[in-house]
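Everything below concerns the one structure shown next.
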Amino acid sequence: MKSADFSKFIGGATPTFTAVLSALDGTRLINGQWLTDNPLNATTTHPQKLIMSGSSVNLWAWWGNPIQGGDYVTTIKNYSAVPEPGMVGLLGASVLGLAFARRRKAVAA
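Here the numbering used here is used: the first residue of the sequence shown is -12, the next is one more, and so on.
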């Protein structure tokens, strides 16, 4: 999936977000058959979108050629909070600082 709208995504436990997709790659299993997306009318009346609202996620697209399926809707039942990359770096730097401080004490003694 590609969209310039992803730069506006702020995340959170229950995000509300819509992104019009400029590209959608991959396959989906419908009735035992693997189908790729069908970009029919994607630039006019049926743009492909990723829509997130609370715990619901909707991949708004057509699948198969000829079209065999539509939207893919799922629900996020639970999630795990993940620290921001900057916070992980700060934690790593502090652990490294503590290690150097202990090493200095050991060398001085």
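Yeah, the Cβ is synthetic: ideal placement off N, Cα and C, and Gly gets one too.
What is the DSSP secondary structure of residue i, counted as helix, strand or coil?
i	result
F(-4)	coil
M74	helix
A29	coil
G56	strand
A10	strand
Would residue i and residue j be called neighbours here (beta carbons separated by less than 8 Å)?
i	j	result
L37	A6	yes
I63	N25	no
W56	L22	The sequence as given places Gly at residue 56; Trp does not occur at that position. Cβ atoms of G56 and L22: closer than 8 Å.
L78	Q35	no
W49	L16	no
G41	T1	yes
Y59	L46	yes
Name the DSSP bridge partner or partners of residue i?
i	result
V44	M39 and T61
Q20	I17
K(-11)	A10
Following the continuous beta strand (DSSP E) through residue i, name the residue where it begins and the one where it ends.
i	result
V7	T3 to V7
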